[in-house]
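Sequence order for the protein chains is A and B. According to this note's numbering, the stretch in the first sequence is residues 1 to 421, in order. According to this note's numbering, the stretch in the second sequence is residues 1001 to 1421, in order.
There are 2 protein chains.
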Amino acid sequence: MTHPHADSPSAARIVAATHHWPRGFRAAVGAAAIKKHGRDDLALLAMPEGATAAAIFTRNLFAAAPIELSRRHLKDSRGHASALILNSGCANAATGPRGLANAQEMVDAVSLALGCATESVFVNSTGVIGVQLPMERIAPVIPKMAAGIAEALDAGPLEPFARAIMTTDTKPKMSARRIELDGGRTVHVAGVAKGAGMIRPDMATMISVLATDAAVEPKALDRILRHAADASYHRISVDGDTSTNDSVFAFASGVAGACDEILLARAFRGVACELAKMIVCDGEGFERSLSVRVTGAATKADALKVAETVASSLLVRTAITGGDPNWGRIVAAAGRAGVAFRPGDLELRVGGILIFRDGEPCPAYEGSMKDAVRAAFNGAHVEVVISLGATEGAEAETNSDEFLSCGLTTEYVRLNADYTT
Amino acid sequence: MTHPHADSPSAARIVAATHHWPRGFRAAVGAAAIKKHGRDDLALLAMPEGATAAAIFTRNLFAAAPIELSRRHLKDSRGHASALILNSGCANAATGPRGLANAQEMVDAVSLALGCATESVFVNSTGVIGVQLPMERIAPVIPKMAAGIAEALDAGPLEPFARAIMTTDTKPKMSARRIELDGGRTVHVAGVAKGAGMIRPDMATMISVLATDAAVEPKALDRILRHAADASYHRISVDGDTSTNDSVFAFASGVAGACDEILLARAFRGVACELAKMIVCDGEGFERSLSVRVTGAATKADALKVAETVASSLLVRTAITGGDPNWGRIVAAAGRAGVAFRPGDLELRVGGILIFRDGEPCPAYEGSMKDAVRAAFNGAHVEVVISLGATEGAEAETNSDEFLSCGLTTEYVRLNADYTT
């Protein structure tokens, strides 16, 4: 058993690939007028017999009806999948028994139309909470999509699917990698995501679907998925809320045969990290991204806690929006993270410039460096590095972590003040 | 020893009073051009020999220099006070040894000018972090203020002091109570606060000064202060950040003689709660307040955790700003609070209207009640009541708590994006 974190010794390599599903996957989309504007709002993904599945679901107590059903199916099918159906425009969350019956009806319709076992069909919804799905409009579209699957290209483009699951996203989110194995064989990994509001780590974070044509056992696929999510979806924040519908699915069609787990994990992580960055940079009202790297903590968990606290602070995030070099807010946020360190040992760098050390601003900051610091706060990306000084050298590097966020903008507030109306 | 929570059996009563300091307190203000616009930015409060003190200070690791000094003085003086000096416009936080020396210089100047022991002088600052105090402008103003104290009225008006400590506050925050004791004797409690940004509980929350002319031992004053802060400053949130300078001071001049502790605690709580509400309703970009009451939790701590999570959720707070009846966000925030309850047992009321029960929206909500719910979301204050159903009857009432917050507005973001520049 190899560990996904270790480096691979082979000559195999991972390269960017065109935005297509891996082999064995066929997709179809449909419009059921769940969203306004008559856009596609249903997406169906079908995979061959023997395909495996893994998933991470929201920890919100009000997990949506489709999440409940998918969670059960993952268990009942022992990690095997035939299809996934998603809709946007309505979350089918906080909808009680009728919501559960509606999710079941979606699954049953797919199962019937594709001729596969009910428990191998996964489902999720995204959109407004507390509203019932318009089943009278959804039900007739599902058989049409299933017919579309029969005619669809194997390994067709990701984009229609990625577009159909968008809510307040401004663009579809897609990423793909090709693994070139020793001996000329190739394996593909591809993914789509929908993000925008309600993005937060420590949970499955939004809807993302990752797929590979490699043959992977359910347990290994689960390991690979969790490794990828830890490095990506669990390290970003747009608004600190956790949705009722957050989920990341991983499917493996097996068509391309076996693949070294290290390579596959690295490709999954690459796809997931690219999608996670896209989610932040398409956050509601996005103007400027912010990365907070913390090193030299007493533990790795401490590093993550400080990084997340700083990256999530409203005062820091509004300063980032304003391009305002109000770095004192960064230091203050670190100081309230609930992590023990000596304030006098903290060093703060923004855009590579040392601003704060020995408990006070660096002397140069008051002088000529002020313009450089202002420029560092005004780029498309603001890079914050905090050294806590609780550990040194290699240990300081080990006890480090990074969090990705973005400036909080007036447009974010405007969009979210009028979401349902 | 009586407990401050219990009811008093006497005929004494507590009534609102004019906005004046209690007897024994004299105040003076000054302008040292720390803030722009040449407004008053220094405030000095002097009290007679024997006055007692209590204080709650920020738990931020980067506690400002004046907080460090005041914390030490509270210990060294064993809870006795002669004076308090505050400045706005500069927080003197993250300013290293020079910041500490500057805070010491402010204290020394007051001690010298008023002829009192150094350790009986308290100090705090509020404003931008990471900038040194302009001591060359502050130093000459302190003796003038001390001279002003000598000429000042005993029990003069609160307003000049309350104005001098404002930063982004739009109005001064003042509250006062008179306790009419049996036999015609009276005792006064009065307070001022500065709030706006960086308001968060679980810490001393901002700068507030509470004063009484009752004679109170330091230990009792500390009890009374903590009781008042728990019910007020620890139950509000404007942006979830915790400042480097948060503090609540309580002083007792003793001039009016002894007072029953229950009555005094109740008056302090009344003043503190009124000031806390003013802070929320003068939060940066304030448009609409939000109270979240949670009952029927398994424990009182659970109730507070859910109330705070809902009241602090960005998605809930933007919906409140928009007057958007997107109540699903309230339910979703409760579900991610990290508190155990059965989702099917939760009941949600907004403005007294039952919206959600048995895991789904109430049938009436879809119909005629929709307009009433919209109205409830569009008032000056939005009242949310959540029953978790984990306990019932008297136990449900005991295991309850409330949190006060406000809508998150585009103006909040605008103000905070350009704070230092």
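We put the beta carbon where it would ideally sit given N, CA and C, even for glycine.
Subject >> Segment contact flag, the region 1062-1077 of chain B with the region 1033-1051 of chain B, C-beta cutoff 8 Å, min 3 pairs >> reply: Of all C-beta pairs linking the region 1062-1077 of chain B to the region 1033-1051 of chain B, fewer than three are shorter than 8 Å, placing the two stretches out of contact.
Original post:
Secondary structure at residue 1199 (chain B), three-state DSSP: helix, strand or coil?
Top reply: At residue 1199 (chain B), the pLDDT of 41 sits below 50, so the modelled position is not reliable; the number obtained from the coordinates is stated separately. Correct three-state label for residue 1199 (chain B): coil.
**OP:** Could you tell me the distance, in whole angstroms, from the CA atom of residue 250 (chain A) to the CA atom of residue 222 (chain A)?
**Re:** Put simply, the backbone Cα of residue 250 (chain A) is about 8 Å away from that of residue 222 (chain A).
**OP:** Tell me, please, whether the CB atom of residue 1201 (chain B) is closer than 9 Å to any CB atom in chain A?
**Re:** In this predicted model, residue 1201 (chain B) has a pLDDT of only 32, less than 50, meaning its place in the structure is not dependable; the value taken from the coordinates is given anyway. When Cβ-Cβ separations below 9 Å define contact, residue 1201 (chain B) makes no contact with chain A.
Subject >> Secondary structure of residue 1016 (chain B), DSSP reduced to three states >> reply: Correct three-state label for residue 1016 (chain B): strand.
Subject >> Length of the line joining the Cα atoms of residue 1132 (chain B) and residue 1098 (chain B) >> reply: Residue 1132 (chain B) and residue 1098 (chain B): Cα-Cα distance of roughly 8 Å.
Subject >> Chain-order list of residues whose beta-carbon lies under 6 Å from that of residue 1229 (chain B) (same chain, five-residue window excluded) >> reply: If you ignore the 5 residues before and after residue 1229 (chain B), its C-beta comes within less than 6 Å of the C-beta of 1056 and 1248, all in its own chain and listed in chain order.
**OP:** List the DSSP bridge partners of residue 1306 (chain B).
**Re:** Note: residue 1306 (chain B) sits in no beta bridge, so no partner.
Subject >> Straight-line Cα distance separating residue 1320 (chain B) from residue 417 (chain A) >> reply: Answer to the nearest angstrom: the Cα atoms are 7 Å apart.
Original post:
Between which two residues does the beta strand (DSSP E) containing residue 384 (chain A) stretch?
Top reply: In the DSSP assignment, residue 384 (chain A) falls within the unbroken beta strand (DSSP E) covering 381-387.
Original post:
Residues in its own chain within less than 8 Å of residue 347 (chain A) by CB, not counting five upstream and five downstream?
Top reply: Answer for residue 347 (chain A): 354, 356, 357, 386, 387 and 389, listed in chain order.
Subject >> Sequence-distant residues of the same chain with beta carbon closer than 8 Å to residue 244 (chain A), five excluded per side >> reply: Closer than 8 Å at the Cβ level, and outside the excluded window around residue 244 (chain A), lie 58, 60, 62, 63, 64, 67, 91, 93, 94 and 129.
Original post:
In angstroms, rounded to a whole number, what distance separates the CA positions of residue 1006 (chain B) and residue 1014 (chain B)?
Top reply: For residue 1006 (chain B), the predicted structure reports a pLDDT of 46, less than 50, and the residue's modelled location is therefore unreliable. A value from the coordinates is still provided. Whole-angstrom Cα-Cα distance: 15 Å.
Original post:
For a contact meaning CB atoms closer than 7 Å, what does residue 1343 (chain B) contact in chain A?
Top reply: Near residue 1343 (chain B) (Cβ distances below 7 Å), the residues of chain A are 61 and 62.
Original post:
Quick one: what's got a C-beta closer than 6 Å to residue 1298 (chain B)'s C-beta in the same chain, skipping five residues either side?
Top reply: Excluding residues within five positions, the ones whose Cβ falls inside 6 Å are 1390.
Subject >> Supposed close pair residue 1216 (chain B), residue 1192 (chain B) - CB separation, criterion 8 Å >> reply: Their Cβ separation, rounded to whole angstroms, is 19 Å, which puts residue 1216 (chain B) and residue 1192 (chain B) out of contact at 8 Å.
Original post:
Nearest chain A C-beta to residue 1134 (chain B) closer than 9 Å, yes or no?
Top reply: Cβ-Cβ to chain A under 9 Å: no for residue 1134 (chain B).
Original post:
In the DSSP assignment, what residue or residues form a beta bridge with residue 90 (chain A)?
Top reply: Looking at the DSSP output, residue 90 (chain A) bridges to A:126 and A:128.
Subject >> Straight-line gap, residue 375 (chain A) to residue 398 (chain A) (C-alpha atoms, nearest Å) >> reply: Near 30 Å, if we compare the C-alpha coordinates of residue 398 (chain A) and residue 375 (chain A).
**OP:** Identify, in the order they occur along the chain, each residue of the same chain with its Cβ nearer than 6 Å to the Cβ of residue 1050 (chain B), setting aside the five sequence neighbours on each side.
**Re:** Only 1254 meet the Cβ criterion.
Original post:
Looking at residue 158 (chain A) and residue 381 (chain A), is the spacing between their C-beta atoms short of 9 Å?
Top reply: For residue 381 (chain A) and residue 158 (chain A), no; Cβs fall outside 9 Å.
Original post:
Name the DSSP beta bridge partners of residue 1212 (chain B), please?
Top reply: For residue 1212 (chain B), the pairing in a beta bridge is given by DSSP as B:1189 and B:1252.
Subject >> Of the listed residues B:1113, B:1120, B:1414 and B:1144, nearest to residue 1285 (chain B) (C-alpha basis) >> reply: Cα-wise, what sits closest to residue 1285 (chain B) is B:1414.
Original post:
Whose C-beta lies closer than 6 Å to the C-beta of residue 1086 (chain B) among residues of the same chain, with five residues either side of it excluded?
Top reply: Counting only Cβ-Cβ distances below 6 Å, and skipping sequence neighbours, we find 1043, 1124 and 1165.
Subject >> Proximity of residue 422 (chain A) and residue 401 (chain A) at Cβ, strictly below 9 Å >> reply: The question about residue 422 (chain A) has no answer here: the residues shown for chain A are numbered 1 through 421.
Subject >> Burial state of residue 182 (chain A), where buried means 16 or more other Cβ atoms lie within 10 Å >> reply: It is exposed - the Cβ of residue 182 (chain A) has fewer than 16 other Cβ atoms within 10 Å.
Original post:
On the premise that residue 1012 (chain B) lies in contact with residue 1218 (chain B), defined as a C-beta separation below 8 Å, what is that separation, rounded to the nearest angstrom?
Top reply: Not a contact, Cβ separation roughly 24 Å.
Original post:
Expressed to the nearest angstrom, what Euclidean distance is found between the alpha-carbon atoms of residue 178 (chain A) and residue 186 (chain A)?
Top reply: Rounded to the nearest angstrom, the two C-alpha atoms are 7 Å apart.
Subject >> N-terminal and C-terminal residue of the alpha helix (DSSP H) that residue 107 (chain A) is part of >> reply: Its alpha helix (DSSP H) spans residues 96-114.
**OP:** Kindly list the residues whose CB is nearer than 6 Å to the CB of residue 204 (chain A), restricted to its own chain and excluding five residues on each side of it in sequence; keep chain order.
**Re:** With a pLDDT of 29 at residue 204 (chain A), under the threshold of 50, the modelled position of that residue is not reliable, and no figure is offered here.
Original post:
Which residues bound the beta strand (DSSP E) around residue 76 (chain A)?
Top reply: Careful: residue 76 (chain A) lies outside any beta strand (DSSP E), inside the alpha helix (DSSP H) at 65-76.
Subject >> Every unbroken alpha helix (DSSP H) inside the region 303-374 of chain A [4 residues or more] >> reply: Runs of the alpha helix (DSSP H) inside the region 303-374 of chain A: 314-322, 328-335 and 363-366.
**OP:** Check the Cβ-Cβ distances between residue 1356 (chain B) and every residue of chain A, and say whether any is below 9 Å.
**Re:** Taking CB atoms only, residue 1356 (chain B) has a neighbour in chain A less than 9 Å away.
Original post:
Would you say residue 1024 (chain B) and residue 1152 (chain B) are within 9 Å of each other, going by their C-beta atoms?
Top reply: No, the pair does not count as a contact, with Cβ atoms beyond the cut-off.
Subject >> Contact list for the region 1292-1307 of chain B against chain A, Cβ threshold 9 Å >> reply: Flagged: no residues at all.
Subject >> residue 259 (chain A) to residue 109 (chain A) span [Cα, whole Å] >> reply: Approximately 34 Å between the Cα atoms of the pair.
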